[in-house]
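What follows is a set of notes on a single structure, which appears directly below.
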C-alpha cells in the first residue's frame, strides 16, 4: 500500500505540532511531522531507538547533550540511543521533517524533568 499524509494515521503533539505515521512496526517507525514557528518538544532520550531526522522544509534547531545544532532543508542528523535531545522550530516558518526510528520509539521515550 502506498502511504502518504492523506491516508496515514494523524495525531497532534506538543503545541499544535502534527505527526503522520507512515509506518510503525516493532523494528521501524517512519513519521512525517510538521512544527509551527516557535514550537518545541521536551528534552528526552531513548534507551534503544536510533533516530534519523531528515528536514524537508525549514530549519530545525536540535539540542543534543546541551549543544545546539542547526539542520536545514535537505540535511539530516542521527541521534543515538541514550543521547538527550529535543527538536525545536525557533524560526518564523513552518518546519517539516521525517523522523525514522529503529526500532520504534513506542514505550522507549524517557522525558527529562526540567528544573
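In full-length UniProt numbering, the protein residues as written are 1 to 115. For glycine and all other residues, C-beta sits at the position ideal for the given N, C-alpha and C. Owing to the predicted nature of the structure, the values given are computational and were not obtained by experimental measurement.
message: How far does the beta strand (DSSP E) with residue 72 in it extend, from its first residue to its last?
response: 67-72
task: Report the three-state DSSP secondary structure of residue 50 (helix, strand or coil).
output: Looking at residue 50 - three-state DSSP - the assignment turns out to be strand.
query: Okay, do the region 94-105 and the region 42-50 touch, 3+ Cβ pairs below 8 Å being the bar?
result: The region 94-105 vs the region 42-50: in contact.
- prompt: Do residue 22 and residue 4 have their CB atoms nearer than 9 Å?
  reply: yes
task: Just grab the DSSP bridge partners of residue 98 for me.
output: 32 and 54
task: Thinking residue 61 and residue 88 are a contact (beta carbons under 8 Å), I'd like their distance in whole angstroms, please.
output: 5 Å
field: Separation of residue 111 from residue 38, as counted between CA atoms
entry: 20 Å
query: So, is residue 20 buried or exposed, given that buried needs 16 or more other C-beta atoms within 10 angstroms?
result: buried
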